[in-house]
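Note sheet for the following structure.
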Amino acid sequence: PVEAPPAGAAEAPTRAAAGSNGSGYSAPWIETDECTACDECTNLNDEIFVYNEDGKAIIKNPAGGPYEDLVKAAEKCTARIIHPGLPQNADDPAMAKLIKRAEKYNS
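Going by the working numbering, the letters in the sequence shown line up with residues 1 to 107, in that order.
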């Protein structure tokens, strides 16, 4: 599950809330408790990813960058705990390759 973001940050979705909303979108989530604080995600995009008060990564703002950054973070994550979900524009043919790359991280 995703832990609560720091004060003032956008509310992060929990894994239970990460389901599809019927439009093809599925919110990203992180298994925060398993984070090793490797810095891969925060170095990639610190508008999407931040560390909580326990030094574990959370999703501060899933819309803080392109969907590609969520996919890249999942690919780089040494603990394999980032799940990029599906983008808001999942029906856009340009997203097909990214969605395919994200498949193995969304289970």
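Even glycine gets a Cβ: it sits at the ideal position worked out from N, Cα and C.
Since we're looking at a predicted model, the values are computed, not measured.
Sequence-distant partners of GLY55 (beyond 5 residues in either direction) whose C-beta falls short of 6 Å from its own C-beta, in its chain, are ALA37.
In this structure, the CA atom of VAL50 is about 13 Å from the CA atom of LEU70. Secondary structure of TYR25 (DSSP, three-state): coil. Only residues of its own chain outside the window of five on either side were considered, and among them GLY65 and ASP69 have a CB closer than 6 Å to the CB of ASN45, listed in chain order. Assigned with DSSP and collapsed to three states, ALA57 falls in strand.
Secondary structure note for TYR105: it is in no alpha helix (DSSP H), with a DSSP letter that is neither H nor E. Separation of THR32 and ALA57 (C-alpha to C-alpha, rounded to the nearest whole angstrom) is 6 Å. Put simply, the backbone Cα of LYS97 is about 31 Å away from that of ASN52.
Here LYS100 is exposed. Its C-beta has fewer than 16 other C-beta atoms within 10 Å. The beta carbon of THR78 sits closer than 7 Å to those of THR36, CYS38 and GLU40, all from its chain and outside the five residues before and after it, given in chain order.
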